[in-house]
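See below for the structure under consideration.
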Amino acid sequence: MSIAIIAYGSLIWDEDNLAPHITGGWRERAGPRLPVEFSRISAKRRGALVLTIDERAGHRVATHVTRSTRHELPAAARDLARRERGPLSAIGMVRKGLPPVNCRPAIGRIVHDWLMAQDEFEAAIWVNLPANFERRTGRRFDPAAGLQWLRRLSSEQLREAWRYITFAPPASDTPFRQYLRADPWWRTLNFA
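The opening position of the sequence shown corresponds to residue -2 in the working numbering, with each subsequent residue numbered one higher.
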């Protein structure tokens, strides 16, 4: 079975331990358009705001695709879960003609419709961790709330947040990212 790995965030530039399990490089903007936003506070990234699929706050962006070297869907999903340091239940999965697994129905339909139009792939997987900004802060995510969160981070945390937001794929140009580009404080930061 040929399995697509769909990505919209750091996976593009930080393959980590997934690198030995992918082949063919990343095909930019070749995946389904999914609603994403920087509405997840990541423990892995020291409290940085990271991209996640978010049907409420998200903005549909082009995603990117590569191929798993695995031929069994559970093995490919385990590889991606290990890279995310998360549970297998956080990996969305879909096979042609079958109901999606581990995702919200609307997202599953988008990915399944995209997959059905692909000759090259029989299945697809993607990171499907939930937005957690509101749960963690008590405030619904919007660009102003996101900026307020960033301004409270320590220098080390802010460095990681800057790195993640700066190196996220250009196609992931969400309302929050646009807001940051216009913010004088954010524009003065440079952790390069």
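The beta-carbon is built from N, C-alpha and C at its ideal position, and this holds for glycine as well.
Rounded straight-line distance, which links the Cα of residue j to that of residue i
i           : j           : result
residue 86  : residue 149 : 31 Å
residue 96  : residue 187 : 44 Å
residue 71  : residue 185 : 44 Å
residue 154 : residue 77  : 24 Å
residue 35  : residue 145 : 13 Å
residue 44  : residue 158 : 8 Å
residue 28  : residue 151 : 35 Å
residue 67  : residue 15  : 11 Å
residue 56  : residue 3   : 17 Å
residue 165 : residue 94  : 32 Å
residue 180 : residue 172 : 12 Å
residue 53  : residue 126 : 14 Å
residue 79  : residue 115 : 26 Å
residue 40  : residue 147 : 14 Å
residue 109 : residue 120 : 9 Å
residue 13  : residue 136 : 32 Å
residue 163 : residue 11  : 13 Å
residue 19  : residue 84  : 20 Å
Contact set for residue i: own chain, Cβ-Cβ below 6 Å, skip 5 residues either direction
i           : result
residue 183 : 177
Reference residue i; option with closest CA among the options
i           : options           : result
residue 143 : 4, 38, 26 and 28  : 38
residue 48  : 170, 180 and 73   : 170
residue 51  : 117, 129 and 141  : 129
residue 101 : 141, 31 and 174   : 31
residue 131 : 46, 19 and -2     : 46
residue 138 : 18, 11, 33 and 19 : 33
Nonlocal neighbours in the same chain, by C-beta distance under 8 Å from residue i, ignoring five residues either side
i           : result
residue 168 : 5, 25, 26, 58, 59, 60 and 61
Whole-number beta carbon distance between residue j and residue i, since they are thought to touch under 8 Å
i           : j           : result
residue 81  : residue 124 : 6 Å
residue 203 : residue 112 : Nothing can be reported for residue 203: it is not among the residues displayed for the chain, which extend from -2 to 189.
residue 9   : residue 23  : 6 Å
residue 75  : residue 21  : Rounded, the Cβ-Cβ distance is 20 Å, inconsistent with contact.
residue 89  : residue 104 : 7 Å
residue 122 : residue 73  : 6 Å
Sequence-distant residues of the same chain with beta carbon closer than 7 Å to residue i, five excluded per side
i           : result
residue 42  : 157 and 161
residue 140 : 172, 173 and 176
residue 117 : -1
Requested in this report: Please go through the segment 8 to 45 and give each complete beta strand (DSSP E) segment of 3 or more residues, from N-terminal end onward.
Outcome: 19 to 24 and 31 to 39
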